[in-house]
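Take -5 as the starting number for the sequence shown in my numbering and just add one per residue.
Idealized CB from N, CA, C, for every residue including glycine.
So the structure is just underneath, and the comments pick up after that.
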Amino acid sequence: MARAWSLKTRPQGMPQHTDFAMITVPDRALADGELRIANRWLSVDPYMRGRMNDVKSYVPPFVLGEPMQGGAIGEVVESKADGFAVGDKVQHMMGWRDEAVVPAAQVQKLPAIDVPEQAFLGQLGMPGMTAYFGLTE
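Quick look at the structure:
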């Protein structure tokens, strides 16, 4: 069983701890092309507040009672996908849980460079790209 954060109720104003719930997600066997990833780092980004509202936007709202999605960095602990091995460090968007089953097509391997892996959720990830291109384009 994996643990995951879910949105329990839609916040009115500033989100409160009572708007969230810790749930369990049953384990399941991997299908061909899937990975089981043990998450090490989760991202909490400004756009997520908008997803807590039930309104049409560029990204769908979070589903109440379901694990919340968002950026995550983790390590492959089981693989049924070509090109991925146990121990690979990866990034994906199935975020707010300690373990996730993810199709390999939705996962990016982290490059082997000398930076902390969590940097790929900040300055080397979507927030960093948003800042860079916002200033230069």
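- Taking C-beta separations shorter than 8 Å and ignoring five residues to either side along the sequence, the partners of Ala25 in its chain run Lys74, following chain order.
- Going by DSSP, Arg43 is part of the alpha helix (DSSP H) stretching over Tyr41 to Arg45.
- A Cβ-Cβ contact shorter than 8 Å links Gly65 with Leu115.
- Within the DSSP secondary-structure output, Gln102 pairs in a beta bridge with Gln85.
- Between the alpha carbons of Asp92 and His11 lies a gap of roughly 19 Å.
- Under the three-state reduction of DSSP, Gly77 is assigned to coil, being neither helix nor strand.
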